[in-house]
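Below is one structure, written out as structure tokens; the observations come after it.
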Amino acid sequence: MAAKGNSKSPTIKRIMREAQELSTTPSPDYAAAPLETDLFEWHFTLRGPPGSPYDNGLYHGRIVLPPTYPLRPPSFRFLTPSGRFETNREICLSISGHHEETWQPAWGVRTALVALRSFMDTDPKGQVGGLATGDDVRRQLARESRDWRCHGCGGRTNDDIIRECEEAARAAEAEAAGAGAGGEGSSRREVEVPAELKLSFRDEMERSAAAAAAAGSGGAGGASAEATAQAMDDAETAELAEGFVQTVPRANLDDAASSMAASMARPGQTVLQPTRTIPLPNAAHNTGVPAQQAQLQQQAIHGDGVPKWVDRVIVALAVSLLAMILKVLLGY
Numbered sequence: 001m002a003a004k005g006n007s008k009s010p011t012i013k014r015i016m017r018e019a020q021e022l023s024t025t026p027s028p029d030y031a032a033a034p035l036e037t038d039l040f041e042w043h044f045t046l047r048g049p050p051g052s053p054y055d056n057g058l059y060h061g062r063i064v065l066p067p068t069y070p071l072r073p074p075s076f077r078f079l080t081p082s083g084r085f086e087t088n089r090e091i092c093l094s095i096s097g098h099h100e101e102t103w104q105p106a107w108g109v110r111t112a113l114v115a116l117r118s119f120m121d122t123d124p125k126g127q128v129g130g131l132a133t134g135d136d137v138r139r140q141l142a143r144e145s146r147d148w149r150c151h152g153c154g155g156r157t158n159d160d161i162i163r164e165c166e167e168a169a170r171a172a173e174a175e176a177a178g179a180g181a182g183g184e185g186s187s188r189r190e191v192e193v194p195a196e197l198k199l200s201f202r203d204e205m206e207r208s209a210a211a212a213a214a215a216g217s218g219g220a221g222g223a224s225a226e227a228t229a230q231a232m233d234d235a236e237t238a239e240l241a242e243g244f245v246q247t248v249p250r251a252n253l254d255d256a257a258s259s260m261a262a263s264m265a266r267p268g269q270t271v272l273q274p275t276r277t278i279p280l281p282n283a284a285h286n287t288g289v290p291a292q293q294a295q296l297q298q299q300a301i302h303g304d305g306v307p308k309w310v311d312r313v314i315v316a317l318a319v320s321l322l323a324m325i326l327k328v329l330l331g332y
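Here you go:
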């Protein structure tokens, strides 16, 4: 399997560990594995829950892992018609059913598959995305589902995949029993679904989040808390997604770097910026400014050598002389 990304990242390590665990301790009721070309896209096949209209059915679908898995939950899409879920509609699992941030990192793909399988036998009444078809239709779809083929899985049918799972599970149990660890494989397959785990659809989650954001847009405190949470999430994402060439667009990382650089440079800016508030003179007038400045500087240099009292004496003498001339002319 060709793994894309940095093998030292926590996300890649977690995905590889889960894939290895599902392979070494297989279940006869479900199977899941990443594609050979992309670790973040898995395909799964599972049996319908026993004692239900889906009991004889085998259902295939896709799993998409987010870049920050397991901090964010995987999403699922059923590709095989079941009469319970809409095909190719993204399904998410979370505690609240509306906020995927409540997903627990301790859960994994195996837990999600067992939960998804158990949710098939729940009442879809009032649930968005749930199909209210009759049991006869679901049983008919269950019979037809065994021959459903996935071209991404080598063209194998659901029946072929589950049969391989059964054989692998029996072999693993026999090996565990021979090594003196009998029952370990069975205990691992019996995954308990957390009671707080809920099922929801991503498009509904996005609409609910948008409505909540619109309702709380007037509160400055809520906006500040949301901004703080978003900043923490961005930092967390950047840390976990480092080196993910195929998963995180490079443009997003560049935007984050530019924003960080701008925020670091902002405290060093001066308050007054004359070039932005005072219009500059035309180029034609600029040519005379250096000469005038030089002339004023030269006059200031020459004037600095004469004491001020000399100037005052000269002015007083000039006034006295003018008064004497006026007195003679007027005949006083």
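Just so you know, we're using UniProt numbering here: the sequence shown kicks off at 1 and counts up by one.
Even glycine gets a Cβ: it sits at the ideal position worked out from N, Cα and C.
For clarity, every value in this text was computed on a predicted model and none was experimentally measured.
Indicate whether residue 83 and residue 133 have their beta-carbon atoms separated by less than 8 Å.
Residue 83 sits at position 83 when you count from the first residue of the sequence shown. Residue 133 sits at position 133 when you count from the first residue of the sequence shown. Closer than 8 Å, so yes.
Expressed to the nearest angstrom, what Euclidean distance is found between the alpha-carbon atoms of residue 13 and residue 192?
The residue labelled residue 13 in the question sits at position 13 within the sequence shown. The residue labelled residue 192 in the question sits at position 192 within the sequence shown. Rounded to whole angstroms, residue 13 to residue 192 spans 24 Å at the Cα level.
Consult DSSP for residue 35 and reduce its assignment to one of helix, strand or coil.
On the sequence shown, position 35 is the one that residue 35 refers to. Of the three classes helix, strand and coil, the one that applies to residue 35 here is coil, per DSSP.
So the alpha helix (DSSP H) residue 109 belongs to, where does it begin and stop?
To locate residue 109, count along the sequence shown from 1; it is residue 109. It spans 109 to 119 - the alpha helix (DSSP H) in which residue 109 sits, taken as one unbroken run.
Can you give the Cα-Cα distance for residue 61 and residue 80, rounded to whole angstroms?
Within the sequence shown, residue 61 is the residue found at index 61, counting from 1. Within the sequence shown, residue 80 is the residue found at index 80, counting from 1. Near 7 Å, if we compare the C-alpha coordinates of residue 80 and residue 61.
Relative to the C-alpha of residue 70, which residue among 329, 326 and 16 is closest?
The count along the sequence shown starts at 1 and reaches residue 70 at position 70. Nearest option by C-alpha distance: 16.
Drop a sphere of 10 angstroms on the beta-carbon of residue 11, count the other beta-carbons inside from all chains shown, and report buried for 16 or more, exposed for fewer.
As a working mapping, residue 11 is identified with position 11 in the sequence shown. Classification of residue 11: buried, given that the 10 Å Cβ count is 16 or more.
Here's the rule I'm using: 16 or more other beta-carbon atoms within 10 Å means buried, otherwise exposed. How should residue 155 be labelled?
If you number the sequence shown from 1, residue 155 lands on position 155. Its Cβ having fewer than 16 others within 10 Å, residue 155 is exposed.
Could you tell me the distance, in whole angstroms, from the CA atom of residue 328 to the CA atom of residue 321?
Residue mapping note: residue 328 aligns to position 328 of the sequence shown, counting from 1. Residue mapping note: residue 321 aligns to position 321 of the sequence shown, counting from 1. About 11 Å.
What does the Cβ neighbour count give for residue 34, buried or exposed, with the cut at 16 atoms within 10 Å?
For this step, residue 34 is matched to residue 34 along the sequence shown. Buried, since its Cβ has 16 or more Cβ neighbours within 10 Å.
Using the Cα positions of residue 168 and residue 86, report the straight-line distance between them to the nearest angstrom.
Walking along the sequence shown from the start, residue 168 turns up at place 168. Walking along the sequence shown from the start, residue 86 turns up at place 86. The straight-line gap from Cα to Cα measures roughly 31 Å.
Is the distance from the Cβ of residue 30 to the Cβ of residue 113 below 8 Å?
On the sequence shown, residue 30 is found 30 positions in, with the first residue counted as 1. On the sequence shown, residue 113 is found 113 positions in, with the first residue counted as 1. Cβ atoms of residue 30 and residue 113: closer than 8 Å.
According to DSSP, is residue 191 part of a helix, a strand, or is it coil?
Locating residue 191 in the sequence shown gives position 191, where the first residue counts as 1. If DSSP states are grouped into helix, strand and coil, residue 191 belongs with coil.
Measure how close the beta-carbons of residue 172 and residue 25 come, nearest whole angstrom, since I'm counting them as under 8 Å.
Here residue 172 refers to the residue found at position 172 of the sequence shown. Here residue 25 refers to the residue found at position 25 of the sequence shown. So it is a contact: roughly 6 Å between Cβ atoms.
Once you ignore the five residues that flank residue 150 on each side, which residues in its own chain have a CB closer than 6 Å to its CB?
If you number the sequence shown from 1, residue 150 lands on position 150. Counting only Cβ-Cβ distances below 6 Å, and skipping sequence neighbours, we find 60.
Assuming the contact rule is C-beta atoms closer than 8 Å, residue 54 and residue 143 should be a hit. Round their C-beta distance to whole Å, please.
As a working note, residue 54 is residue 54 in the sequence shown. As a working note, residue 143 is residue 143 in the sequence shown. About 11 Å; that fails the 8 Å criterion.
Under 7 Å Cβ to Cβ from residue 300, same chain only, skipping five residues before and after it: list those, please.
As a working note, residue 300 is residue 300 in the sequence shown. Its pLDDT being 49, under 50, residue 300 is placed unreliably by the model, and the measurement read from it follows with that caveat. Excluding sequence neighbours, residue 300 sits near nothing in its chain.
Which residues mark the beginning and the end of the beta strand (DSSP E) in which residue 58 is found?
Looking up residue 58 in the sequence shown gives position 58. Note, residue 58: beta strand (DSSP E), 58 to 64.
Which same chain residues end up closer than 7 Å to residue 148 when comparing Cβ atoms and leaving out the 5 residues on each side of it in sequence?
For the purposes of this step, residue 148 is identified with residue 148 of the sequence shown, where counting begins at 1. Excluding sequence neighbours, residue 148 sits near 60, 80, 157 and 158.
Considering only the beta carbon of each residue, do residue 49 and residue 118 sit closer than 8 Å?
Along the sequence shown, one-based indexing puts residue 49 at 49. Along the sequence shown, one-based indexing puts residue 118 at 118. Yes, Cβ-Cβ distance for residue 49 and residue 118 is below 8 Å.
Nearest CA to the CA of residue 104: which residue from 68, 136, 135 and 77?
Position 104 of the sequence shown holds residue 104. Of the listed residues, the one whose Cα sits closest to residue 104 is 68.
On the CB-based measure, 16 or more other CB atoms within 10 Å of its CB, does residue 289 come out buried or exposed?
Taking the sequence shown and counting its residues from 1, one reaches residue 289 at position 289. With a pLDDT of only 48 at residue 289, under 50, the local geometry of the prediction cannot be trusted, and the value read off the model is given with reservation. Residue 289 is exposed by the Cβ-count criterion.
Can you say whether residue 47 is buried or exposed, counting buried as having 16 or more other CB atoms within 10 angstroms of its CB?
Here residue 47 corresponds to residue number 47 of the sequence shown, with the count starting at 1. Result: buried.
Do residue 145 and the ligand PLP come close, with the Cβ less than 7 Å from some heavy atom?
As for the ligand PLP, it is missing from this structure, which has no ligand bound.
For a quick check, are the C-beta atoms of residue 19 and residue 63 less than 8 Å apart?
What you label residue 19 is simply residue 19 of the sequence shown in a count that begins at 1. What you label residue 63 is simply residue 63 of the sequence shown in a count that begins at 1. Cβ atoms of residue 19 and residue 63: not closer than 8 Å.
Mind checking who residue 45 pairs with in its DSSP beta bridge?
As a working note, residue 45 is residue 45 in the sequence shown. In the DSSP output, where bridge partners are listed per residue, residue 45 has 31 and 60.
Is it right to say residue 22 is buried, meaning 16 or more other beta carbons lie within 10 angstroms of its own, or is it exposed?
Counting from one through the sequence shown, the residue named residue 22 turns up at place 22. When all chains shown are included, residue 22 counts as buried.
Please return the same chain residues whose Cβ sits closer than 6 Å to the Cβ of residue 135, not counting the five positions on each side in sequence.
For the purposes of this step, residue 135 is identified with residue 135 of the sequence shown, where counting begins at 1. Excluding positions up to five away in sequence, the list reads 53.
Counting along the chain, where does the alpha helix (DSSP H) carrying residue 10 start and finish?
Position 10 of the sequence shown, counted from the first residue, corresponds to residue 10. That run of the alpha helix (DSSP H) goes 10 to 24.
Out of 78, 316 and 122, point me to the one whose CA is closest to residue 51's CA.
Working through the sequence shown from its first residue, we reach residue 51 at position 51. When only C-alpha atoms are compared, the closest one is 122.
Going by DSSP, what residues sit across from residue 157 in a beta bridge?
Along the sequence shown, read from residue 1 onward, the residue named residue 157 stands at position 157. DSSP, once it has assigned bridges, lists 149 as partnering residue 157.
What residue from 170, 166 and 41 has the CA that sits closest to residue 109's CA?
Translated into positions along the sequence shown, residue 109 becomes position 109. It is 41.
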